[in-house]
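In what follows, a structure is listed as structure tokens, so that the remarks can point back to it.
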Amino acid sequence: MTKKIMHTTGRLTASSFLQRWRLPLLGLLVILIAGTAYLIYAKKSSADAQEHADKDSKTKLVFELAAIDVLKSEIRDLNTSLAISGSLVPLNQVTVRAKVGAEVRETLVQEGMAVTKGQVLTRFDAADLRARLITQDASVDEAQAKLAMANKNRNSNESLLQQKYISQNAFDVTNNSVELAQASLKSAMAQRQVAQLALADTEVKAPIDGIVSKRHVQAGDKVSLDSPLFAIVNLSQLILEMPVPASEIPRIKIGQLLNFKVDGFGTRSFSGQVTRINPAAESGSRSMLVYAAVNNADAALKAGMFAKGSLLLEKSLAMPVIPLVALRQQNGKDVVYTLVNNVVQVQTVKLGVRNEDEGLVQVLSGLAPGAIVISAKLDAIKPGSKVSLPKVEAKSDASMPSMPTKSTATTLKG
Numbered sequence: 001m002t003k004k005i006m007h008t009t010g011r012l013t014a015s016s017f018l019q020r021w022r023l024p025l026l027g028l029l030v031i032l033i034a035g036t037a038y039l040i041y042a043k044k045s046s047a048d049a050q051e052h053a054d055k056d057s058k059t060k061l062v063f064e065l066a067a068i069d070v071l072k073s074e075i076r077d078l079n080t081s082l083a084i085s086g087s088l089v090p091l092n093q094v095t096v097r098a099k100v101g102a103e104v105r106e107t108l109v110q111e112g113m114a115v116t117k118g119q120v121l122t123r124f125d126a127a128d129l130r131a132r133l134i135t136q137d138a139s140v141d142e143a144q145a146k147l148a149m150a151n152k153n154r155n156s157n158e159s160l161l162q163q164k165y166i167s168q169n170a171f172d173v174t175n176n177s178v179e180l181a182q183a184s185l186k187s188a189m190a191q192r193q194v195a196q197l198a199l200a201d202t203e204v205k206a207p208i209d210g211i212v213s214k215r216h217v218q219a220g221d222k223v224s225l226d227s228p229l230f231a232i233v234n235l236s237q238l239i240l241e242m243p244v245p246a247s248e249i250p251r252i253k254i255g256q257l258l259n260f261k262v263d264g265f266g267t268r269s270f271s272g273q274v275t276r277i278n279p280a281a282e283s284g285s286r287s288m289l290v291y292a293a294v295n296n297a298d299a300a301l302k303a304g305m306f307a308k309g310s311l312l313l314e315k316s317l318a319m320p321v322i323p324l325v326a327l328r329q330q331n332g333k334d335v336v337y338t339l340v341n342n343v344v345q346v347q348t349v350k351l352g353v354r355n356e357d358e359g360l361v362q363v364l365s366g367l368a369p370g371a372i373v374i375s376a377k378l379d380a381i382k383p384g385s386k387v388s389l390p391k392v393e394a395k396s397d398a399s400m401p402s403m404p405t406k407s408t409a410t411t412l413k414g
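Below you can see the structure in the form of structure tokens.
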């Protein structure tokens with residue numbers, strides 16, 4: 001009886017075990033079936049995608065470029081310039097000052113009047129100086145008379161000395177009187193010369209040719225010694241003073257040419273040449289003054305005018321030129337994209353002079369004149385891409401404006 005019960009209990013336990021694990025086992029079976037199906041599907045999809053890609057690779061894209069996307073390289077000169085600005089100052093300018101203290105009797109010139117060297121500008125009252133000159137003339141006459149008397153006495157005493165009527169000491173006193181009289185005459189003559197110069201200085205004359213830029217006195221004014229009377233400038237030669245960043249100084253040389261314009265003269269351009277470079281930087285700035293001589297024979301330019309222009313730093317020989325925007329970098333080298341039979345090719349180039357203002361660069365080697373260059377940055381276009389050009393000819397860099405940064409290229413399937 002007991003064995004029977006135990007046997008029955010054992011069957012119940014096995015049945016209970018199967019019921020407990022049947023659902024998990026079925027779930028695991030479903031997962032295995034689904035995974036197998038996914039792997040089969042993925043493999044088939046990959047094969048389909050590869051087949052589709054192979055078909056697409058056989059159908060090349062043709063990029064249709066706009067006229068602004070390409071250009072033809074052209075041979076031309078390319079200059080490197082530095083933008084400059086500065087003020088014009090006269091090469092020769094003077095301040096005429098009083099050499100005597102006196103009252104101004106008359107002034108003969110005004111501001112803006114042209115004067116020549118030696119022309120009388122103003123006259124001072126000379127009455128006191130004339131009287132002083134008369135006094136000095138009298139002093140000279142007196143000194144001459146004393147000298148004559150001293151000479152006469154010496155001659156007489158010399159004869160007496162020879163006859164031994166007087167001693168040597170007495171003769172030496174007479175001879176010394178002659179020397180004193182000679183010194184007095186020299187002093188009187190020097191004083192008279194000073195008086196003559198002072199009288200001459202009552203007429204103030206222009207020391208240079210030029211134009212009166214400032215008159216400081218008028219009739220009736222009393223001036224002292226060294227007082228300013230007139231300012232005169234000579235405009236035939238001007239100096240353009242240009243502050244230049246110290247970093248640019250190594251590129252500037254004596255003799256370099258520059259062109260500039262001044263407000264009020266329209267399209268008229270003026271020229272100059274570098275003559276001096278200041279060896280010290282301006283206090284409070286990192287700039288140094290560069291001086292250029294400007295010929296101004298017609299006196300059109302005036303002192304103090306502000307000029308803006310460019311200084312020619314370097315002039316190149318005629319070589320192929322392209323815009324800077326057409327340059328690309330590949331493996332650390334400068335390259336351009338060119339078109340050969342409507343296929344994009346990479347061309348390594350060696351560069352020369354750059355002109356940042358014009359946005360151009362000279363190509364020393366690697367690019368033939370007339371080569372078609374892609375100037376626009378188009379991400380979709382790579383070496384080997386086929387392109388279609390517009391009917392109109394690619395533009396030349398000779399009239400190259402600033403290049404566009406965006407392109408209107410479209411793609412066509414061929």
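No gaps in the numbering here: position 345 of the sequence shown is 345 in full-length UniProt numbering, and each next residue is one more. Glycine is no exception: its CB is placed at the ideal position from the N, C-alpha and C atoms.
| query | Sorted by chain position, which residues of the same chain lie with C-beta nearer than 7 Å to L286's C-beta, five sequence neighbours on each side aside? | reply | Indexing the sequence shown from 1 puts residue 286 at position 286. A small fix is needed here, since residue 286 is Arg in this sequence, not Leu. So the list reads P245 and A246, once near-sequence residues are dropped.
| From F270 to N259, what distance separates their C-alpha atoms? | Here residue 270 refers to the residue found at position 270 of the sequence shown. Here residue 259 refers to the residue found at position 259 of the sequence shown. Their backbone Cα atoms lie some 6 Å apart in a straight line.
| query | By Cβ distance, which residues of its chain are closer than 6 Å to A198, with the 5 residues on each side in sequence left out? | reply | Start at 1 with the first residue of the sequence shown, and residue 198 comes out as number 198. Cβ within range, chain order: V100 and L129.
| The alpha helix (DSSP H) enclosing N341, as first and last residue numbers | Translated into positions along the sequence shown, residue 341 becomes position 341. It is not in any alpha helix (DSSP H) - N341 carries neither H nor E in the DSSP assignment.
| Option in T267, S227, D172 and S81 with minimal Cα separation from I252 | As a position in the sequence shown, residue 252 is number 252, starting the count at 1. Of the candidates T267, S227, D172 and S81, the one whose C-alpha sits nearest the C-alpha of I252 is S81.
| Spatially closest choice to R123 from L147, L133 and A98, by CA coordinates | As a position in the sequence shown, residue 123 is number 123, starting the count at 1. Checking every option, the nearest Cα to that of R123 belongs to A98.
| said: Between which two residues does the beta strand (DSSP E) holding V62 run? | reply: The residue you call residue 62 lines up with position 62 of the sequence shown. V62 -> beta strand (DSSP E) spans L61 to E64.
| said: Could you check whether M288 and I84 sit closer than 8 Å to each other, using their CB atoms as the reference points? | reply: One-based indexing of the sequence shown puts residue 84 at position 84. One-based indexing of the sequence shown puts residue 288 at position 288. The Cβ-Cβ distance between I84 and M288 does not fall below 8 Å.
| request: Confirm the yes/no value for this check: CB of D137, any heavy atom of the ligand ATP, distance under 7 Å. | output: Absent from the structure shown: the ligand ATP. Ligands present: none.
| field | Residue(s) in a DSSP beta bridge with N259 | value | As a working mapping, residue 259 is identified with position 259 in the sequence shown. Bridge partners of N259: S271 and S310.
| request: Work out the CA separation of V212 and V233 for me, nearest whole Å. | output: Stepping through the sequence shown from its first residue, residue 233 is reached at position 233. Stepping through the sequence shown from its first residue, residue 212 is reached at position 212. C-alpha separation (whole angstroms): 7 Å.
| In the DSSP assignment, what residue or residues form a beta bridge with M319? | Here residue 319 refers to the residue found at position 319 of the sequence shown. For M319, which the question treats as bridged, DSSP gives the partners R76.
| Rounded separation between Q345 and T338 - CA only | Taking the sequence shown and counting its residues from 1, the one referred to as residue 345 is at position 345. Taking the sequence shown and counting its residues from 1, the one referred to as residue 338 is at position 338. For Q345 and T338, the distance between alpha carbons rounds to 5 Å.
| query | Exposed or buried, which one is F230 when buried takes at least 16 other CB atoms within 10 Å? | reply | For the purposes of this step, residue 230 is identified with residue 230 of the sequence shown, where counting begins at 1. Per the 10 Å Cβ criterion, buried.
| query | Whose C-beta lies closer than 8 Å to the C-beta of S177 among residues of the same chain, with five residues either side of it excluded? | reply | The residue given as residue 177 occupies position 177 in the sequence shown. Answer for S177: A150, N153 and R154, listed in chain order.
| field | Straight-line Cα distance separating D226 from V173 | value | Counting from 1 along the sequence shown, the entry for residue 173 is found at position 173. Counting from 1 along the sequence shown, the entry for residue 226 is found at position 226. Each residue's alpha carbon lies about 46 Å from the other.
| Can you tell me whether DSSP reads R154 as helix, strand or coil? | Residue numbering aside, residue 154 sits at position 154 when the sequence shown is read from its first letter. R154 falls in the helix class under three-state DSSP.
| said: Determine whether the beta carbon atoms of S312 and V262 lie at a separation below 8 Å. | reply: In the sequence shown, the residue the question calls residue 312 occupies position 312. In the sequence shown, the residue the question calls residue 262 occupies position 262. Looking at the sequence provided, one finds Leu at residue 312 rather than Ser. In this structure, V262 does not lie closer than 8 Å to L312 by Cβ.
| Going by the beta-carbon positions, is the gap between L360 and L88 smaller than 8 Å? | As a working mapping, residue 360 is identified with position 360 in the sequence shown. As a working mapping, residue 88 is identified with position 88 in the sequence shown. No, Cβ-Cβ distance for L360 and L88 is not below 8 Å.
| query | By Cβ distance, which residues of its chain are closer than 7 Å to P228, with the 5 residues on each side in sequence left out? | reply | For the purposes of this step, residue 228 is taken as the residue at position 228 of the sequence shown. Closer than 7 Å at Cβ, skipping near neighbours: T95, R97 and H216.
| Given that a residue counts as buried once 16 or more other Cβ atoms are within 10 Å of its Cβ, and exposed if not, what is N296? | Numbered from its first residue, the sequence shown carries residue 296 at position 296. The residue is buried, with at least 16 neighbouring Cβ atoms inside 10 Å.
| request: Name, in chain order, the residues that DSSP records as bridge partners for N234. | output: As a position in the sequence shown, residue 234 is number 234, starting the count at 1. Bridge partners of N234: N92.
| When V373, S224, K315 and K386 are compared against V353, the one with the closest alpha-carbon | On the sequence shown, position 353 is the one that residue 353 refers to. The shortest C-alpha to C-alpha distance from V353 to any of V373, S224, K315 and K386 is the one to K315.
| query | Is the segment 61-73 touching the segment 375-388, taking contact as three or more C-beta pairs under 8 Å? | reply | yes
| query | From this set, D125, G309 and D209, which residue's C-alpha is nearest A219's C-alpha? | reply | Residue 219 sits at position 219 when you count from the first residue of the sequence shown. It is D125.
| message | Between the segment 106-117 and the segment 159-173, can you find at least three pairs of beta-carbon atoms closer than 8 Å? | response | The segment 159-173 and the segment 106-117 do not touch, with fewer than 3 CB-CB distances between them shorter than 8 Å.
| message | Using only the alpha-carbon positions, how far apart do E106 and I239 sit? | response | As a first step, residue 106 is located in the sequence shown; it is residue number 106 there, counting from the start. As a first step, residue 239 is located in the sequence shown; it is residue number 239 there, counting from the start. Each residue's Cα considered, the two are about 34 Å apart.
| In DSSP terms, what R328 is bridged to | Here residue 328 refers to the residue found at position 328 when the sequence shown is read from its first residue. V335, per the DSSP bridge assignment.
| field | Reduced DSSP secondary structure (H/G/I, E/B, other) of F124 | value | Taking the first residue of the sequence shown as position 1, residue 124 is located at position 124. Looking at F124 - three-state DSSP - the assignment turns out to be strand.
| request: Buried or exposed for N190, please, with buried defined as at least 16 other CB atoms from any protein chain shown within 10 angstroms of its CB. | output: Numbered from 1 along the sequence shown, position 190 holds the residue referred to as residue 190. According to the sequence as given, residue 190 is Ala; it is not Asn. Exposed, by the Cβ-count rule.
| Which residues in the same chain as Q256 place their Cβ atom closer than 8 Å to its Cβ, once the five residues preceding and following it in sequence are excluded? | Along the sequence shown, read from residue 1 onward, the residue named residue 256 stands at position 256. Once the five neighbours on either side are set aside, the close Cβ partners of Q256 are Q273, V274, L311, L312 and L313.
| C-alpha gap between S365 and E248, whole angstroms | On the sequence shown, residue 365 is found 365 positions in, with the first residue counted as 1. On the sequence shown, residue 248 is found 248 positions in, with the first residue counted as 1. Each residue's Cα considered, the two are about 28 Å apart.
| S375 and V70 look like a contact to me (Cβ under 8 Å); what is the Cβ gap, rounded to whole Å? | For the purposes of this step, residue 375 is identified with residue 375 of the sequence shown, where counting begins at 1. For the purposes of this step, residue 70 is identified with residue 70 of the sequence shown, where counting begins at 1. That belief holds up - the Cβ atoms of S375 and V70 are roughly 6 Å apart, short of 8 Å.
| message | Tell me the DSSP secondary structure of E356 in three-state form. | response | Translated into positions along the sequence shown, residue 356 becomes position 356. If DSSP states are grouped into helix, strand and coil, E356 belongs with coil.
| query | Helix, strand or coil for K214 per DSSP? | reply | Your numbering for residue 214 matches position 214 in the sequence shown. It is a strand residue.
| task | Determine the extent of the beta strand (DSSP E) in which K386 is found, giving its start and end residues. | result | On the sequence shown, residue 386 is found 386 positions in, with the first residue counted as 1. First-last of the beta strand (DSSP E) with K386: K386 to S388.
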